[in-house]
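Reviewing the structure listed below.
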Ligand code: NI
């Protein structure tokens, strides 16, 4: 397995539509394994393929010590509404309150290409919606009001101190030092 670079806000791939995975083969499983390793190293709880520069429609999550792989996911039911703070591995150290459906039902394929359904609420429901958004070029800051979005982007630019690179490299050692929080998706 290997650690992948994470694409950050400003990288065009984060705004692109993904393509349906036709065949969950060994190459796709290798990508899934690398994404898990990268997500854990970055202390994240979710990571979508565009965040590592790929256009496959898939994401990985780990909620309450339970790993999930979603390939070609579709939200088939949304219920209720719940607002809570979110972050994103592609916009490190920026957080904002986002209203999401409180409960979702998701259909997807697993790492063997087998179809399954997930009934999710609370953090898992939020994380699924956040990751599936990534697969369609959407980021959590898109949901913030104009002023909060501007404030988030200007804070992001300040933190970057003029750095224009579109990727960041994660190492386990750095990740431990940099991330006090555990909720970037
Ligand atoms: Ni994210």
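In the numbering used here, the protein residues as written are 20 to 204.
Every residue, glycine too, gets a C-beta built ideally from N, C-alpha and C.
So which of the options has the shortest CA-CA distance to residue i?
| i | options | result |
| --- | --- | --- |
| residue 51 | 75, 168, 148 and 170 | 75 |
| residue 116 | 127, 126 and 100 | 100 |
| residue 73 | 170, 156 and 178 | 156 |
| residue 205 | 154, 94 and 191 | The first residue shown for the chain is 20 and the last is 204, placing residue 205 beyond what the model contains. |
| residue 142 | 121, 55, 125 and 151 | 121 |
| residue 87 | 65, 36, 103 and 163 | 65 |
| residue 112 | 63, 41 and 37 | 63 |
| residue 118 | 35, 56, 103 and 180 | 103 |
| residue 49 | 183, 36, 144 and 131 | 131 |
| residue 98 | 69, 145, 32 and 89 | 145 |
| residue 187 | 91, 149, 136 and 110 | 110 |
| residue 47 | 24, 34 and 91 | 91 |
Who pairs with residue i in a beta bridge, going by DSSP?
| i | result |
| --- | --- |
| residue 122 | 98 and 140 |
| residue 87 | 80 |
| residue 116 | 104 |
| residue 134 | 128 |
| residue 25 | 187 |
| residue 38 | 75 |
Which residue comes first and which comes last in the alpha helix (DSSP H) that contains residue i?
| i | result |
| --- | --- |
| residue 51 | 45 to 60 |
| residue 170 | 165 to 179 |
Would you tell me roughly how many angstroms separate the C-alpha atoms of residue i and residue j, rounded to the nearest one?
| i | j | result |
| --- | --- | --- |
| residue 26 | residue 172 | 16 angstroms |
| residue 106 | residue 175 | 12 angstroms |
| residue 114 | residue 159 | 9 angstroms |
| residue 20 | residue 83 | 23 angstroms |
| residue 30 | residue 77 | 18 angstroms |
| residue 79 | residue 165 | 30 angstroms |
| residue 96 | residue 147 | 12 angstroms |
| residue 43 | residue 129 | 9 angstroms |
| residue 203 | residue 127 | 22 angstroms |
| residue 139 | residue 123 | 5 angstroms |
| residue 198 | residue 85 | The predicted model places residue 198 with a pLDDT of 49, which falls under 50 and marks its position as unreliable; any figure quoted below should be read in that light. Going by the C-alpha atoms only, they are around 21 angstroms apart. |
| residue 191 | residue 178 | 21 angstroms |
| residue 161 | residue 167 | 10 angstroms |
| residue 58 | residue 39 | 22 angstroms |
| residue 18 | residue 28 | Residue 18 falls outside the range modelled here, since the chain spans only 20 to 204, and no answer is possible. |
| residue 36 | residue 93 | 14 angstroms |
| residue 45 | residue 170 | 42 angstroms |
| residue 14 | residue 163 | Not covered by the structure: residue 14. The range shown for the chain is 20 to 204. |
| residue 53 | residue 125 | 23 angstroms |
| residue 32 | residue 150 | 14 angstroms |
| residue 22 | residue 61 | 10 angstroms |
May I ask which residues mark the beginning and end of the beta strand (DSSP E) holding residue i?
| i | result |
| --- | --- |
| residue 68 | Note, residue 68: premise wrong, no beta strand (DSSP E); not H, not E. |
| residue 80 | 77 to 82 |
Task: Beta carbon shell of ligand 1 at less than 6 angstroms from a heavy atom - done: 107, 108, 109, 149, 153 and 204
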